[in-house]
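Visitor: If you scroll down you'll find the structure; I have some questions about it.
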Amino acid sequence: MPEIREHIPAAHQPDAEPAIKLIDVVRNYTRPRTSLLRSAPAVHALRGVNLEVKQGERFGIVGESGCGKSTLLRIIAALDRASSGHVIVEGTDITHLPERRLRFLRENLQLVFQDPMSSLDPRMRVRDIIAEPLVVQGHPASGQRVRELLEAVGLSADAGDRYPHQFSGGQRQRISIARALAPRPRILVADEPVSALDVSVRAQVLNLISDLVDELNLTLVFVSHDLSVVKHVCDRVAVMNAGQIVETGYTGDVYAAPQHPYTQRLVSAIPTLHRALSGATTTDLLATKGEPA
Amino acid sequence: MSDVLSVRGLTVTVRDKTLVSDVDLTVGPGERVGLIGESGSGKSLTALSVLGLLPEDVVAAGSVQLTGVDHELIGADERRMSRVRGRHLAMVFQEPMTALNPTMRVGDQIAEAMLIHRTVPGRRAARAAAVELLGRVQLPRETMRAYPHQLSGGQRQRIVLALALANDPALLICDEPTTALDVTVQALVLDLIVKGVVARSSALLFITHDLAVVATVCERVLVMYGGRVVESGPVEEVFTRPRHRYTEGLLAASDLETNERRLTTIPGNVPPAGQFPSGCVFRNRCRHATDVCSTAPSWTGTASTGFACHHPAEVTTHA
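Those sequence lines, one after another, are chains G and R. Residue numbering for the first sequence follows full-length UniProt numbering, beginning at 1 and increasing consecutively. Residue numbering for the second sequence follows full-length UniProt numbering, beginning at 1 and increasing consecutively.
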């Protein structure tokens with residue numbers, strides 16, 4: 001797909017400013033009051049998260065449900081605001097920017113969500129869905145550009161005339177990816193993009209994300225509960241537990257020799273074919289030894 | 001030794017569509033058998049046919065025999081089936097919240113399972129047995145008084161497991177029991193399932209799309225695609241030396257350990273139910289398909305180990 005390769009990214013210099021930087025980000029929610037006399041209980045979704053994603057990096061965030069990874073994503077995308085701390089995207093502190101000054105972020109950072117059925121408007125044709133980010137940002141949305149994007153994600157050009165319900169789960173996720181790529185973002189944030197997909201289709205979508213990130217020189221932030229998927233896709237990974245990042249490192253290292261007790265438990269709990277065929281039982285999944293067999 | 005579960009020529013149809021076609025399946029005493037396949041492969045329908053819980057206007061034909069039950073399960077009326085379900089045969093579903101009664105304390109639900117089938121002499125004994133069962137799934141005695149919504153997903157799934165095992169069923173069927181759970185919780189629940197069936201020498205039919213989970217839990221595996229069993233055999237055999245091209249593709253696609261940047265894929269998508277090609281159901285996605293594949297491949301091998309493919313993968317090393 002030669003046409004899409006247009007923006008040349010900032011070179012991978014070591015001193016280039018990070019694509020995303022979080023400094024001591026805290027996010028507290030208050031639950032509804034349960035009593036007239038007591039104050040509303042608070043939920044500490046993020047408790048001081050520090051994070052740096054370099055330009056052009058494939059960065060994974062792993063954690064189980066409730067660990068705060070979705071809150072973190074929403075804050076990076078400025079869909080939610082931090083209670084304290086700073087969020088810096090491409091050198092701009094977005095922590096307190098009003099929505100009208102976030103246009104650069106809306107163009108440069110795009111999201112792909114887990115469930116492609118609920119993130120695509122069922123009443124819009126696919127070509128309108130893909131063109132919508134362009135229209136919203138006041139760019140001309142040409143049919144040419146939409147066809148380019150459809151081709152880039154491996155869908156035929158006539159797919160544009162159809163509606164989301166006419167596609168399978170994997171194809172819908174391709175549509176979500178095409179929509180995300182429409183405004184030529186530099187950062188792609190994917191929230192569990194393959195969790196709802198079948199194994200054979202998951203491999204296709206992972207390959208597609210991988211290829212597009214390479215070809216368009218994107219910075220990828222990939223959130224998943226599945227460490228083995230993250231290991232395949234990402235260079236570096238942050239492991240989250242209870243609102244904090246407990247371990248960061250190169251994915252291979254974290255997977256092979258986890259340091260934090262939580263990461264050790266997480267890694268040993270992942271069933272793999274390799275381990276099972278060499279005789280691992282379900283009891284071995286519970287073992288908290290760091291080294292996976 | 002006779003089989004605990006014996007399914008012969010099971011075919012499930014809805015109006016003019018065939019969803020499951022000619023499935024043979026046996027589970028021996030104390031055996032742990034896995035049924036794997038992607039969505040739409042018919043694995044859940046197979047389980048529901050055994051339980052007699054198919055939705056309305058979905059019809060099963062064929063034969064299902066269960067040890068300890070002197071009648072055919074297919075076509076048995078609800079009165080007879082309700083004596084079998086929960087007693088000889090129990091099921092753990094994917095979503096524990098919908099499997100539990102939200103208005104009843106979990107302790108009463110477990111006790112009720114035993115009282116209905118009269119496997120305990122009275123209320124007091126049933127409650128004592130329920131506490132014991134909760135202990136087996138590592139939940140404290142206080143859980144007896146909890147309502148399902150007060151528990152986490154993993155705790156709920158353990159309650160469902162305790163309920164399923166309450167009457168020491170001859171066969172436990174688990175349909176994607178851990179798909180909705182986190183990995184660390186999944187590890188615990190899988191371990192409890194295996195320990196629970198081993199302690200009772202119950203047979204286990206475990207349905208999932210996760211190859212690694214099947215390999216960890218089961219001894220024998222059946223691979224389903226497009227409503228047919230395409231390959232079966234011991235876990236080690238099927239996962240190290242797959243013969244059917246679908247099994248081969250599935251194994252390659254799920255191999256995230258590979259050092260290759262790109263994963264191996266199976267081209268195309270799983271067709272919607274009832275729209276699989278005639279002949280070999282996999283031929284429209286298979287790289288090895290030829291004209292002969294438009295005729296249905298016959299089963300090669302024995303009843304428990306074999307495959308149905310015109311162009312099977314070569315066996316390089318034979319054990």
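Ideal placement from N, C-alpha and C gives every residue a C-beta, glycine not left out. Because the structure is a prediction, the values reported are computed rather than measured.
#1: The alpha helix (DSSP H) that contains H232(G), what's its start and end?
#2: Only counting runs of 4 or more residues, tell me where the alpha helix (DSSP H) segments fall wholly within the stretch 35-120 of chain G, in order along the chain.
#3: Measure from the alpha carbon of E90(G) to the alpha carbon of each residue in E99(G), F104(G) and L79(G), then state which is nearest.
#4: Please state whether the Cβ-Cβ distance between V183(R) and I270(G) is less than 8 Å.
#5: What are the boundary residues of the alpha helix (DSSP H) that residue 298(G) is part of?
#6: Determine the chain G residues that contact T265(R) at a beta-carbon separation under 8 Å, and present them in chain order.
#7: Reducing DSSP to helix, strand and coil, say where F206(R) ends up.
#8: Measure the CB-CB distance between E248(R) and A146(R) and report whether it falls below 8 Å.
#9: Pull the bridge partners of M91(R) from the DSSP assignment, please.
#10: Please work out which residues of its chain come closer than 7 Å, Cβ to Cβ, to V194(G), disregarding the five sequence neighbours upstream and downstream, and give them in chain order.
#11: In the structure shown, what three-state DSSP assignment does C309(R) receive?
#12: Work out the CA separation of E38(R) and E107(G) for me, nearest whole Å.
#13: Where does P164(G) fall in DSSP's three states?
#14: Under 8 Å between C-beta atoms, does S39(G) make it to chain R?
#15: Residues in the same chain with beta-carbon distance under 6 Å from R127(R), minus the five sequence neighbours each way, listed in chain order, please.
#16: Would you tell me roughly how many angstroms separate the C-alpha atoms of D168(R) and S202(R), rounded to the nearest one?
#17: Under three-state DSSP, which class holds V315(R)?
#18: DSSP beta-bridge partners for A60(R)?
#19: Express the C-alpha separation of L277(G) and Q166(G) in angstroms, rounding to a whole number.
#20: For chain G, is any of its Cβ atoms less than 8 Å away from the one on H209(R)?
#21: For the stretch 1-32 of chain R, which residues have a CB atom closer than 9 Å to at least one CB atom of chain G, in sequence order?
#22: For D253(G), which option in T263(G), I245(G) and A280(G) has the closest C-alpha, if you only look at C-alpha atoms?
#23: For M104(R), name the three-state secondary structure that DSSP assigns.
#24: Using 8 Å as the threshold, is the C-beta distance between Q55(G) and T219(G) below it?
#25: Using only the alpha-carbon positions, how far apart do V153(G) and L208(G) sit?
#26: Using the DSSP secondary-structure output, state which residues sit across from D222(G) in a beta bridge.
#27: Just the chain R side, please: which residues come within less than 7 Å of A276(G) by C-beta, in chain order?
#28: So L149(G) and A157(G) are in contact, right, with Cβ under 8 Å, and what is the actual spacing, rounded?
#29: Using a C-beta to C-beta distance shorter than 8 Å, which residues of chain R count as neighbours of L266(G)?
#30: Drop a sphere of 10 angstroms on the beta-carbon of Y225(R), count the other beta-carbons inside from all chains shown, and report buried for 16 or more, exposed for fewer.
#31: I need the boundaries of the beta strand (DSSP E) containing E247(G), first residue and last residue.
#32: Strictly by DSSP, which residues pair up with R179(G)?
#33: Per DSSP, M97(R) is paired with what?
#34: So with Cβ pairs under 8 Å, would you call F276(R) a contact of chain G?
#35: Give the residues from the stretch 181-197 of chain G that approach chain R closer than 7 Å (Cβ to any Cβ), ordered along the chain.
#36: Under the three-state reduction of DSSP, which class applies to M224(R): helix, strand or coil?
Guide: Well, looking at it:
#1: On the first sequence, position 232 is the one that residue 232(G) refers to. Element bounds for H232(G): L227 to V233.
#2: 69-76 and 103-108
#3: On the first sequence, residue 90(G) is found 90 positions in, with the first residue counted as 1. Ranking E99(G), F104(G) and L79(G) by Cα distance to E90(G) puts F104(G) first.
#4: For the purposes of this step, residue 183(R) is identified with residue 183 of the second sequence, where counting begins at 1. For the purposes of this step, residue 270(G) is identified with residue 270 of the first sequence, where counting begins at 1. Yes.
#5: The shown model of chain G, from 1 to 293, leaves out residue 298(G), and the question about it has no answer.
#6: Counting from 1 along the second sequence, the entry for residue 265(R) is found at position 265. Residues of chain G passing the Cβ test: S200, A203, Q204 and N207.
#7: For the purposes of this step, residue 206(R) is taken as residue 206 along the second sequence, with counting starting at 1. The answer is strand: DSSP assigns F206(R) an E or B state.
#8: Your numbering for residue 248(R) matches position 248 in the second sequence. Your numbering for residue 146(R) matches position 146 in the second sequence. The answer is no: Cβ separation not under 8 Å.
#9: For the purposes of this step, residue 91(R) is taken as residue 91 along the second sequence, with counting starting at 1. I173(R), per the DSSP bridge assignment.
#10: Along the first sequence, read from residue 1 onward, the residue named residue 194(G) stands at position 194. Only R202, V205, L206 and V229 meet the Cβ criterion.
#11: Sequence index remark: in the second sequence, residue 309(R) carries index 309 (1-based). Here C309(R) sits in coil by DSSP.
#12: Residue numbering aside, residue 107(G) sits at position 107 when the first sequence is read from its first letter. Residue numbering aside, residue 38(R) sits at position 38 when the second sequence is read from its first letter. E107(G) and E38(R): Cα-Cα distance of roughly 37 Å.
#13: Reading the first sequence from its first residue, position 164 is the one you call residue 164(G). Note: P164(G) maps to helix in three-state DSSP.
#14: What you label residue 39(G) is simply residue 39 of the first sequence in a count that begins at 1. It does not: the Cβ of S39(G) has no partner Cβ on chain R nearer than 8 Å.
#15: Sequence index remark: in the second sequence, residue 127(R) carries index 127 (1-based). Excluding sequence neighbours, R127(R) sits near A111.
#16: Translated into the one-based positions of the second sequence, residue 168(R) becomes position 168. Translated into the one-based positions of the second sequence, residue 202(R) becomes position 202. Each residue's alpha carbon lies about 7 Å from the other.
#17: Position 315 of the second sequence, counted from the first residue, corresponds to residue 315(R). Correct three-state label for V315(R): coil.
#18: Locating residue 60(R) in the second sequence gives position 60, where the first residue counts as 1. V12(R).
#19: Working through the first sequence from its first residue, we reach residue 166(G) at position 166. Working through the first sequence from its first residue, we reach residue 277(G) at position 277. When rounded, the distance between both Cα atoms is 39 Å.
#20: The residue given as residue 209(R) occupies position 209 in the second sequence. Closer than 8 Å to some Cβ of chain G, the Cβ of H209(R) qualifies, so yes.
#21: none
#22: As a position in the first sequence, residue 253(G) is number 253, starting the count at 1. Measuring from the Cα of D253(G), the nearest candidate turns out to be T263(G).
#23: By one-based count along the second sequence, residue 104(R) stands at place 104. Reduced to three states, the DSSP call for M104(R) is coil.
#24: Locating residue 55(G) in the first sequence gives position 55, where the first residue counts as 1. Locating residue 219(G) in the first sequence gives position 219, where the first residue counts as 1. Contact flag set, yes.
#25: Against the first sequence, residue 153(G) aligns to sequence position 153. Against the first sequence, residue 208(G) aligns to sequence position 208. Computed Cα separation, rounded: 7 Å.
#26: What you label residue 222(G) is simply residue 222 of the first sequence in a count that begins at 1. The sequence given here places Phe at residue 222(G); Asp does not occur at that position. F222(G) pairs with G60(G) and A190(G).
#27: The count along the first sequence starts at 1 and reaches residue 276(G) at position 276. Here the neighbours are A212, A215 and T216.
#28: As a position in the first sequence, residue 149(G) is number 149, starting the count at 1. As a position in the first sequence, residue 157(G) is number 157, starting the count at 1. With a Cβ gap of about 10 Å, L149(G) and A157(G) do not count as contacting.
#29: Translated into the one-based positions of the first sequence, residue 266(G) becomes position 266. By Cβ distance, chain R contributes V183 and T184.
#30: For the purposes of this step, residue 225(R) is identified with residue 225 of the second sequence, where counting begins at 1. Looking at its Cβ environment, which holds 16 or more other Cβ atoms inside 10 Å, Y225(R) is buried.
#31: Counting from one through the first sequence, the residue named residue 247(G) turns up at place 247. From DSSP, the beta strand (DSSP E) with E247(G) extends over Q244 to Y250.
#32: For the purposes of this step, residue 179(G) is taken as the residue at position 179 of the first sequence. In DSSP, R179(G) forms no bridge with anything.
#33: Translated into positions along the second sequence, residue 97(R) becomes position 97. Paired residues: none, contrary to the question.
#34: In the second sequence, residue 276(R) corresponds to position 276, counting from 1. It does not; no Cβ of chain G falls within 8 Å.
#35: none
#36: In the second sequence, residue 224(R) corresponds to position 224, counting from 1. Looking at M224(R) - three-state DSSP - the assignment turns out to be strand.
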